[in-house]
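Protein chains: 2
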Amino acid sequence: MDQIVDTSPGERRGDDPPGEAHPDATAPLRLWLRLFATSNAVEGELSRRLRAEFAMTLPRFDLMAQLDKADNAVTLGELSRRLMVTNGNVTGLVDRLVEDGLVERKVRRADRRSATVCLTADGRALFHEMAEAHRGWVAELFSSLDEPQQQALSNLLRDARDSVVARV
Amino acid sequence: MDQIVDTSPGERRGDDPPGEAHPDATAPLRLWLRLFATSNAVEGELSRRLRAEFAMTLPRFDLMAQLDKADNAVTLGELSRRLMVTNGNVTGLVDRLVEDGLVERKVRRADRRSATVCLTADGRALFHEMAEAHRGWVAELFSSLDEPQQQALSNLLRDARDSVVARV
DNA sequence: TGAAACTATTTTAGACTTGAAGTAATGCCG
DNA sequence: CGGCATTACTTCAAGTCTAAAATAGTTTCA
Numbered sequence: 000m001d002q003i004v005d006t007s008p009g010e011r012r013g014d015d016p017p018g019e020a021h022p023d024a025t026a027p028l029r030l031w032l033r034l035f036a037t038s039n040a041v042e043g044e045l046s047r048r049l050r051a052e053f054a055m056t057l058p059r060f061d062l063m064a065q066l067d068k069a070d071n072a073v074t075l076g077e078l079s080r081r082l083m084v085t086n087g088n089v090t091g092l093v094d095r096l097v098e099d100g101l102v103e104r105k106v107r108r109a110d111r112r113s114a115t116v117c118l119t120a121d122g123r124a125l126f127h128e129m130a131e132a133h134r135g136w137v138a139e140l141f142s143s144l145d146e147p148q149q150q151a152l153s154n155l156l157r158d159a160r161d162s163v164v165a166r167v
Numbered sequence: 000m001d002q003i004v005d006t007s008p009g010e011r012r013g014d015d016p017p018g019e020a021h022p023d024a025t026a027p028l029r030l031w032l033r034l035f036a037t038s039n040a041v042e043g044e045l046s047r048r049l050r051a052e053f054a055m056t057l058p059r060f061d062l063m064a065q066l067d068k069a070d071n072a073v074t075l076g077e078l079s080r081r082l083m084v085t086n087g088n089v090t091g092l093v094d095r096l097v098e099d100g101l102v103e104r105k106v107r108r109a110d111r112r113s114a115t116v117c118l119t120a121d122g123r124a125l126f127h128e129m130a131e132a133h134r135g136w137v138a139e140l141f142s143s144l145d146e147p148q149q150q151a152l153s154n155l156l157r158d159a160r161d162s163v164v165a166r167v
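Protein chains in written order, with numbering that gives the first Met the number 0: chain D, 0 to 167; chain Z, 0 to 167.
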C-alpha cells in the first residue's frame, strides 16, 4: 500500500488542460498517483467498515465472494488465479476461514493433489449480509460522480487495465 | 491487496452503454472492481521491476521519494501523513532504510520527542536512478491510452478521490 | 514399467501494514 | 511549581503478501 511518487509535478487544480507542445513527461506519473490514491482510499475505508461492522478482513471477504459467485466448490489454485494472489496466500486465508467455520476444505478423490473449498451454511449467510452492506458502501463512496461519469471512468479503467496487463 | 467482489455482474464487453431506466445497482461495484484491478496490476508490476532491477521495495521507494521531494529533513510524523500510513509503519521503514545507509535519522534538539529523516548522499543518488526508471515504467504501462484518454482518466480519478475522501 | 516432467498445494523467510498499547518529552494552566 | 492533556514516536500482536523451496500426486513416453 503506497505510491506517493510524484517526483516533481504539483497537484494542478482545474482540468489540467494545456496539452502543449511536448507532452508532459510526468503526466503518466500523476495519473498513476491519482489511481493509487483513489484505490487506496476506497480500499482503506471498505476495510475499516468491514472490520468494524463484521469483524472481517477484505481479503477474507473477497475469497468468500469468489466462493459465493462460483456456486460450486472451487480448487485452491482456481481461487489463487481469480483473486490474483499467490498459492501460499490462499492456503493461509483458507486456513483462517476454516478455523472460523465459514468455509470447508475437501480433498478431491479424483486428484488427490488438489483440494476444493466451499462456503458453509454459516459462511454463505454471513457473506450475503456483508455483501449487501458492501454494495451500499461502494455506491456511497462514489456517489459524487453521476451515472455518465461512473460509466466513463469504468470504461477508461478497463482500457487502462488492458494496457497494463498487455505489458506485464 | 484484493477486492474481487463482483457479486453478480459479469464483465460486459463493449462500452457498457444501456443507461436504462433504473440504474444498475451493481454498476458502482463494477467500477470499484476495475479500479482495484488496475491499481493492483500497476502496483504489482512496478513492485516486481523495482525488486528485480534495484533490490528495492515500493514502500521504501515511496518514502525516499517524499524525502527527495521535501528537500529538507522531514519528521517521521510528517512522513506518516504524506505517505498516508500509520506511524508505526514509518518507524519500521525508516529503520530498514537506515540499515541500508540510504537515509539518516537525527533527533531534534528543539523537541527531543521528534526526529527528522533525510536522504544520505548514497540514498539520493540511488533514488534519482530509480526514479528515472520508474517514470519510464509508468509511462510504458499506460501507453495504450492516448494523451486525451490519460487526461480524462486523470480528471475522473481526481473527482472520484474527492468523492471518497469527502465520505471517509 | 519407470524415470522425468509437470501440477497442486504447503511451508518458509522476509517484508509490509494496521490498531492498540506503551514510553517519553512538551505545553498548559491553576 | 506541579499535575494533566497532548504530541511524537516505538513496540507489539495479528494479519496479509510474495518468492522460493519443499512435498506429494499425476502424466508422459521411451
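Idealized CB from N, CA, C, for every residue including glycine.
Check each candidate in the options and name the one with the smallest Cα separation from residue i.
i	options	result
Z:Arg29	D:Val164, D:Ala151, D:Arg166 and D:Ser162	D:Ala151
D:Val226	D:Gly122, D:Asp70 and D:Asp23	A query on residue 226 of chain D cannot be resolved here, the shown segment of chain D reaching from 0 to 167 and no further.
D:Thr119	D:Asp161, D:Asn71 and D:Pro147	D:Asn71
D:Asp61	D:Thr25, D:His127 and D:Leu155	D:His127
D:Thr56	D:Ser46, D:Met63 and D:Ala64	D:Ser46
D:Ala51	D:Leu78, D:Met63, D:Ala132 and D:Gly100	D:Ala132
D:Trp136	D:Ala24, D:Val41, D:Thr25 and D:Asp23	D:Val41
D:Ser143	Z:Arg95, Z:Leu96, Z:Pro147 and Z:Asp161	Z:Asp161
D:Ala64	D:Glu146, D:Thr37, D:Leu101 and D:Ala24	D:Leu101
Any beta-carbon of chain Z closer than 8 Å to the one on residue i?
i	result
D:Met83	yes
D:Asp161	yes
D:Arg107	no
D:Thr90	no
D:Arg95	no
D:Leu101	no
D:Ser153	yes
D:Thr6	Residue placement at D:Thr6 cannot be trusted, given a pLDDT of 49 that sits under 50; what the coordinates show is reported in the next sentence. Taking Cβ atoms only, chain Z reaches closer than 8 Å to D:Thr6, which makes this a yes.
I want to see whether chain D comes within less than 8 Å of residue i, judged by CB atoms only; does it?
i	result
Z:Asp110	no
Z:Phe141	yes
Z:Asn86	no
Z:Arg33	yes
Z:Arg166	yes
Z:Ala114	no
Z:Gly18	Residue placement at Z:Gly18 cannot be trusted, given a pLDDT of 45 that sits under 50; what the coordinates show is reported in the next sentence. Answer yes: the Cβ-Cβ gap between Z:Gly18 and chain D drops below 8 Å somewhere.
Z:Asp158	yes
Z:Arg29	yes
Can you give me the C-alpha to C-alpha distance between residue i and residue j, rounded to a whole angstrom?
i	j	result
D:Pro27	Z:Asn39	16 Å
D:Leu82	Z:Arg166	27 Å
D:Pro58	D:Ala69	17 Å
Z:Leu49	D:Arg108	43 Å
Z:Asn86	Z:Leu75	7 Å
D:Arg134	Z:Phe141	29 Å
Z:Phe35	Z:Asp67	28 Å
Z:Gly43	D:Val163	10 Å
D:Ala124	D:Glu103	14 Å
D:Leu32	D:Thr115	39 Å
Z:Arg157	D:Glu139	17 Å
Z:Lys105	Z:Arg80	19 Å
D:Arg112	D:Asp99	24 Å
Z:Asp110	D:Thr90	47 Å
With DSSP run on the structure shown, which of helix, strand or coil describes residue i?
i	result
Z:Thr56	coil
D:Val93	helix
D:Ala114	strand
Z:Thr119	coil
Z:Val84	coil
Z:Arg48	helix
D:Val164	helix
D:Thr25	coil
D:Asp107	The displayed chain sequence assigns Arg, not Asp, to residue 107 of chain D. Coil, per DSSP.
Between the region 65-79 of chain Z and chain D, which residues of the former have a C-beta closer than 9 Å to a C-beta of the latter? Gln65, Asp67 and Lys68
**Request:** Pull out every residue of the region 40-55 of chain D whose Cβ sits closer than 7 Å to any Cβ of chain Z, in chain order.
**Result:** Ala40, Val41, Glu42 and Glu44
**Prompt:** Which residues, in order along the region 118-145 of chain D, keep a beta-carbon less than 8 Å from a beta-carbon of chain Z?
**Reply:** Ala130, His133, Arg134, Val137, Ala138, Glu139, Leu140, Phe141, Ser142, Ser143 and Leu144
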